[in-house]
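Notes follow the structure.
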Amino acid sequence: MSMTKMHIRVNVNGVEREGDVQARLLLVHFIREVLGLTGTHIGCDTSNCGACTVVLGGKAVKSCTLFAVQANGKKLLTVEGLAKEGKLHPIQEGFWEKHGLQCGFCTPGMIMAAYHLLQKNPNPTEEEIRRGISGNLCRCTGYVKIVESVQYAAEKMRVQEAQVAAR
Amino acid sequence: MIPPNFEYFAPNTLGDAVSLLERYGEDAKILAGGQSLIPLMKLRLASPRFIVDLNQIQGLEYVRESDSYLRIGALTRVTDLEASEMVRKKYPVIYDVAAHIADPLVRNMGTVGGNIAHGDPANDLPAVMLALNAEFIAISPTGERTIKAEEFFIDSFTTALKPSEVLTEARVAMPPARSGGAYLKLEKRVGDFAIAGVATQLTVDGRGVCERVGIGLTSAGPTPLKPKKAEESLRGKKPDDSAIKRTADLAADNANPRSDLRGPAEYKREMFRVLTIRALRNALSRVSGGS
Ligand SMILES: Cc1cc2nc3c(=O)[nH]c(=O)nc-3n(C[C@H](O)[C@H](O)[C@H](O)COP(=O)(O)OP(=O)(O)OC[C@H]3O[C@@H](n4cnc5c(N)ncnc54)[C@H](O)[C@@H]3O)c2cc1C
Ligand code: FES
Ligand code: FES
């Protein structure tokens, strides 16, 4: 398998999507320009800010630092894939309730990083939350409200888990 | 920023990977985690015509002990090193470094092999590998060879690997009882490269004398550095305050940092001294059976 142009298939937010891409196309450009999903942001474009964070194959990664061809055959989750049936995901709800954003530019990346963190560790300490989002920069909030948002989400997700288990 | 175009290969076997590398020579680059290569390509500081992506090759992601070695597969993500219970308990110096490389998002992609093979003197893993006297296994069309960490780092971004060679494993002899290690990194902000970094690994005998001493320095010059005089000065001695101070002085003398945005050379040299003292003390406190 070799080409400067390739056909790729990616499961994006539960839907099989495909397209012909140049090998050099960055994943973030595939997401924004080919798929038209503009929730994923480009902040720095130099791998430093985390605004472009998505969850690929279950792991939070910087989509500006990956080629789209590397996502071939994998599952991709972007911020658009979180809300279900018009209901915000608990992490989104947390950012809403706890005022976890001001300008909102970093928010999709923060949410995706928090998503991966809570998958791995459903009951993180404040320290673990701060470490978990340390690849995501925010120029507005000072992080205090972001941490509270993630704590809110963790709590809510644990309650939901428990309700499902009790059923 | 858009990288230059290239032809992309994702071979399923190491054999196919090395034959592609042999065919395209200097025009080809290996892609592992991509967390150094892709930023360089976006800045057009690297423009490989052919990319050989290792990520479809099975069996290169592992952390295990066998035949008296800790073996780490080249494609092991830094995150997985950090998450390994065995690493945390038995190789604290490796746990320390894994938790301080870049940020969690970069660590989810970045690989152990890439961190070493990139040959960046600011990367953190090489200093740890030097302190542990690690060996690297590389495969090429003519077979496999083992390269000592000490002989691996030749110049900035230049290693002993040939263009057709793939690093497949880093291995470290399992430390004897009464061993401990630590990595300390001074950074301007979380996720940045080190202003200065120091790795230490000690083995102490029943009388409290240092039997084995390993030290490695990050951001201390054009290559990751193994300050041998410093190591020798502590070997066979009791690690009391004056011996530790002398070792740290020698390590700092050996360091050759450059003045840059992360600070003037003089300041960095002083930091190597301070960090070496602290990293030796941390290593001692972790010697099992120690205090
Ligand atoms: C924002 C940011 C901050 C960072 N901070 C740090 C830091 O603090 N400390 C640190 O250590 N690193 C840091 N890095 C670098 C990061 O750790 C990289 O992951 C690492 O340097 C390279 O590993 P990789 O797997 O991503 O390799 P790649 O980028 O895929 O490859 C790097 C180079 O190594 C070669 N290569 C890769 N694998 C092999 C192999 N198996 N055999 C032969 N050659 C191979 C490639 O051809 C390429 O030339 C940072 C990166 C970013 C983006
Ligand atoms: S846009 Fe990807 S890290 Fe900033
Ligand atoms: S809310 Fe503005 S960058 Fe985070």
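Residue numbers (the numbering used here), protein chains in the order written: chain A, 668 to 834; chain B, 545 to 835. Cβ atoms here follow ideal geometry from the backbone N, Cα and C, with glycine treated the same way. As the structure is a prediction and not an experimental result, all values here were calculated from the model.
Short Cβ contact (9 Å threshold) for A/G773 with A/L804: The residue asked about is misnamed: residue 773 of chain A is Cys in this sequence, not Gly. Yes; because the gap between Cβ atoms is below 9 Å, this pair is in contact.
Ligand 2 heavy atom lying under 8 Å from the CB of A/G717: Between ligand 2 and A/G717, a heavy atom-to-CB distance of less than 8 Å is present.
Other residues of its chain near A/H708: CB distance less than 7 Å, five sequence neighbours each side excluded: Contacts found: A718, C719, F772, P775, G776.
Extent of the continuous alpha helix (DSSP H) to which B/L799 belongs: Reading the sequence as shown, one finds Ala at residue 799 of chain B and not Leu. Careful: B/A799 lies outside any alpha helix (DSSP H) and carries neither H nor E.
DSSP three-state assignment for B/A823, whether helix, strand or coil: B/A823: helix per DSSP, three-state reduction.
Secondary structure of B/E731, DSSP reduced to three states: Reduced to three states, the DSSP call for B/E731 is coil.
Rounded C-alpha distance that separates B/I574 from B/Y568: Spanning the two alpha carbons is a distance of roughly 11 Å.
Short Cβ contact (9 Å threshold) for B/I788 with B/S763: No. Outside cutoff.
Within 9 Å, strictly: CB atoms of B/V742 and B/A823: Yes. Within cutoff.
Proximity of A/G761 and A/G753 at Cβ, strictly below 9 Å: With a cutoff of 9 Å on beta-carbon distance, A/G761 and A/G753 are scored as not near each other.
With 16 other Cβ atoms within 10 Å as the buried cut-off, status of B/D699: The residue in question, B/D699, is exposed, as its Cβ has fewer than 16 Cβ neighbours within 10 Å.
Beta-carbon proximity check, B/Y606 vs B/G617, cutoff 9 Å: Taking 9 Å as the Cβ cut-off, B/Y606 and B/G617 qualify as a contacting pair.
Proximal residues, the segment 701-720 of chain A versus chain B, C-beta separation under 7 Å: Correct list: D712, T713, S714, G717, T720.
For B/V753, the three-state DSSP class (helix, strand or coil): Taken through DSSP and simplified to helix, strand or coil, B/V753 comes out as coil.
Residues from the segment 640-663 of chain B in contact with chain A, defined by Cβ distance under 9 Å: Those would be A643, A646, D647, P648, L649, V650, R651, N652, M653, in chain order.
Inter-residue Cα distance where the pair is B/R830 and A/Q827: Roughly 41 Å separates the two Cα atoms.
Cβ contact (3+ pairs, closer than 8 Å) linking the segment 752-767 of chain B and the segment 725-739 of chain B: With the cut-off at 8 Å, the segment 752-767 of chain B and the segment 725-739 of chain B touch.
Interface flag, B/Q579 vs chain A, CB-CB below 9 Å: Contact with chain A is found for B/Q579, since one of that chain's Cβ atoms lies less than 9 Å from the residue's Cβ.
B/P766 at chain A interface by Cβ criterion, 9 Å: With its beta carbon at least 9 Å from every one in chain A, B/P766 lies outside the interface.
Local conformation of A/Y837 per DSSP, three classes: What the structure shows of chain A is the stretch from 668 to 834, and residue 837 of chain A is not part of that stretch, so it cannot be assessed.
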